[in-house]
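What follows is a short report on a single structure.
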Amino acid sequence: LALYYASSNGVILVGSAGNCGDGRGKVCEGIRDRPQMPALHPDVITVAATDRDDTRAVFSTKSRGVDIAAPGVDIVSDKIGGGTETYSGTSQATPQVVGTIASLAAEDGPYPGNPGEAAERLLDTTFDLGESGRDDEYGEGRLDFEAALDGLDWSRPLSEATPSIPDGPVVERLDDTSFR
Numbered sequence: 029l030a031l032y033y034a035s036s037n038g039v040i041l042v043g044s045a046g047n048c049g050d051g052r053g054k055v056c057e058g059i060r061d062r063p064q065m066p067a068l069h070p071d072v073i074t075v076a077a078t079d080r081d082d083t084r085a086v087f088s089t090k091s092r093g094v095d096i097a098a099p100g101v102d103i104v105s106d107k108i109g110g111g112t113e114t115y116s117g118t119s120q121a122t123p124q125v126v127g128t129i130a131s132l133a134a135e136d137g138p139y140p141g142n143p144g145e146a147a148e149r150l151l152d153t154t155f156d157l158g159e160s161g162r163d164d165e166y167g168e169g170r171l172d173f174e175a176a177l178d179g180l181d182w183s184r185p186l187s188e189a190t191p192s193i194p195d196g197p198v199v200e201r202l203d204d205t206s207f208r
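This is the structure we're talking about:
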């Protein structure tokens, strides 16, 4: 119900396809290559993962529900408590898609306040991989951030309504026991 409500109110929903493409692990028993909720929802842009060779990552779930792919192997990410570590998964690919849509729909972007058009632009500018056209491994293709942003009007000045960054921490730091 929440997903229907969000999408009917203009929210662009993006979710990872899942990591059951190779069928390994107890969590994947019986669900190999079937996206799970929320990615299974028809209003969610479902993201698969590619590897360094621009092929589907072995773990990445493939199905007709996949809309787009993005790099998802050995992605450098922040660690709780500081530092960085590399991770792999469709959850590492998904933020790249979200960030591109956010860049396009930003107040000073080419589609200000219109994430639907931004999402269309994103899917229309992918780099085709696999079978020609849409397929179950890559959807429309691999995210092409440069192509999505290329040739658009970026001259719109920032509005005075742009929120300012508050002084001090935005989120209070929690002790490590909060994450157990």
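Going by the working numbering, the sequence shown opens with residue 29, and the numbers climb by one from there. Yeah, the Cβ is synthetic: ideal placement off N, Cα and C, and Gly gets one too.
Three-way DSSP call (helix, strand, coil) for Ile40 in this model: Residue 40 sits at position 12 when you count from the first residue of the sequence shown. In the structure shown, Ile40 sits in coil (DSSP, three-state: anything other than H, G, I, E or B).
Which of the three DSSP states is assigned to Pro66 in this structure? Position 38 of the sequence shown, counting from 1, holds the residue named residue 66. Here Pro66 sits in coil by DSSP.
DSSP has Ser105 in a bridge; who is on the other side? Taking the first residue of the sequence shown as position 1, residue 105 is located at position 77. Note: Ser105 sits in a beta bridge opposite Glu113.
For the region 92-105 against the region 118-135, are there 3 or more C-beta pairs whose distance is under 8 Å? yes
May I ask you to report which of helix, strand or coil DSSP gives Pro123? What you label residue 123 is simply residue 95 of the sequence shown in a count that begins at 1. It is helical.
For the beta strand (DSSP E) containing Pro138, name the first residue and the last one. Taking the first residue of the sequence shown as position 1, residue 138 is located at position 110. No beta strand (DSSP E) contains Pro138, which DSSP labels as neither H nor E.
Should Pro70 be labelled buried (16 or more other beta-carbon atoms within 10 Å of its own) or exposed? The count along the sequence shown starts at 1 and reaches residue 70 at position 42. Exposed, since its Cβ has fewer than 16 Cβ neighbours within 10 Å.
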